[in-house]
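Notes follow once the structure below has been shown.
Residue numbers (our numbering): 136 to 363.
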């Protein structure tokens, strides 16, 4: 185990995406992972808690933060399905710098606000600096567990990420317990992060909205992709 963390209060929004547009945004050695010929882009909001390396205690302060990411779905030559992050908003500067230095993940230092109102959950983010990219989601969570449909299961059953660092593409594996999802009502949303990540800006509501209370996650060491 390279490092571990806990993901809490996750909100998953998904839209169909142009597979040709997606293909141009993936690292060498990977292709769009399609479901019935369709590619998707995800916008995921959550709270990171208890980041720790190996068997060491969780990092105080810097190990817990809010995150919002734009993700695409990939497959490599060995058939491993993964996530490719186009951007990751984070409200702690040190994790942003560390993730860029180690894995070249496209973290961005941002302002993120999260708040729970009984069974309602609000996330709001705006990127620091000259960019005005940001996103907002406000949901009402149904208390009953739900079974994801085939597309949602395809998108959320991912056991690693694909990335590129120091001239090589890699696969970074992870493991966690099975998701426990809740269906939720989308009360309000707005997004300009997807367009800032190089994709067409969504004009319609997402085709899927899911909430998950959270899971503990463990990451293994990165594995280089052959021929990259």
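Note that the Cβ used here is the ideal one computed from N, Cα and C, for glycine as well.
Among the options, nearest to residue i - alpha-carbon criterion
| i | options | result |
| --- | --- | --- |
| residue 199 | 184, 230 and 205 | 184 |
| residue 239 | 187, 291, 285 and 297 | 297 |
| residue 358 | 308, 346 and 321 | 308 |
| residue 210 | 295, 351, 355 and 315 | 295 |
| residue 181 | 221, 228 and 251 | 251 |
| residue 153 | 302, 174 and 215 | 174 |
| residue 347 | 262, 148 and 310 | 148 |
| residue 340 | 333, 320, 213 and 354 | 320 |
| residue 283 | 264, 299, 313 and 272 | 313 |
| residue 234 | 202, 247 and 256 | 202 |
| residue 355 | 285, 306, 266 and 248 | 306 |
| residue 216 | 150, 289 and 229 | 289 |
| residue 155 | 333, 225 and 304 | 333 |
| residue 207 | 170, 278 and 266 | 170 |
| residue 324 | 352, 274, 254 and 245 | 274 |
| residue 263 | 277, 219 and 328 | 328 |
| residue 151 | 176, 144 and 302 | 176 |
| residue 186 | 139, 212 and 236 | 139 |
| residue 279 | 195, 318 and 254 | 318 |
| residue 204 | 254, 146 and 237 | 146 |
Buried or exposed (CB count within 10 angstroms, at least 16 for buried), residue i
| i | result |
| --- | --- |
| residue 331 | buried |
| residue 322 | exposed |
| residue 360 | buried |
| residue 161 | buried |
| residue 268 | buried |
| residue 221 | buried |
| residue 141 | buried |
| residue 353 | exposed |
| residue 213 | exposed |
| residue 265 | exposed |
| residue 196 | exposed |
Close beta carbons around residue i, own chain, < 7 Å, minus the five adjacent residues each side
| i | result |
| --- | --- |
| residue 326 | 178, 270 and 337 |
| residue 287 | 343 and 345 |
| residue 226 | 200, 201, 245, 246 and 247 |
| residue 281 | 316, 317 and 318 |
Coarse secondary structure for residue i, derived from DSSP in three states
| i | result |
| --- | --- |
| residue 157 | helix |
| residue 321 | strand |
| residue 330 | helix |
| residue 183 | strand |
| residue 143 | strand |
| residue 163 | coil |
| residue 194 | coil |
| residue 311 | coil |
| residue 359 | strand |
| residue 152 | strand |
| residue 264 | coil |
| residue 349 | strand |
Residues near residue i by beta carbon distance below 6 Å, same chain, minus five either side
| i | result |
| --- | --- |
| residue 299 | 162 |
| residue 258 | 180, 249 and 272 |
| residue 244 | 228, 231 and 263 |
| residue 362 | none |
Closer than 7 Å: residue i CB and nearest the ligand ZN heavy atom
| i | result |
| --- | --- |
| residue 177 | Summarising the ligand content, the structure contains no ligands, and the ligand ZN is consequently not present. |
Neighbourhood of residue i by C-beta, 8 Å cutoff - its chain only, sequence neighbours within 5 removed
| i | result |
| --- | --- |
| residue 219 | 160, 161, 162, 165, 206, 207, 208, 209, 296, 297 and 298 |
Ranges of the beta strand (DSSP E) found wholly within the stretch 267 to 302, counting only runs of at least 3 = Entirely contained in the stretch 267 to 302, the beta strand (DSSP E) runs reaching 3 residues are, in chain order, 269 to 281 and 295 to 300.
Where in the stretch 196 to 258 do unbroken runs of the beta strand (DSSP E), each at least 3 residues long, occur, reported from the N-terminal end onward?
-> If we require 3 residues or more, the beta strand (DSSP E) runs fully inside the stretch 196 to 258 come out as 200 to 211, 216 to 225 and 242 to 252.
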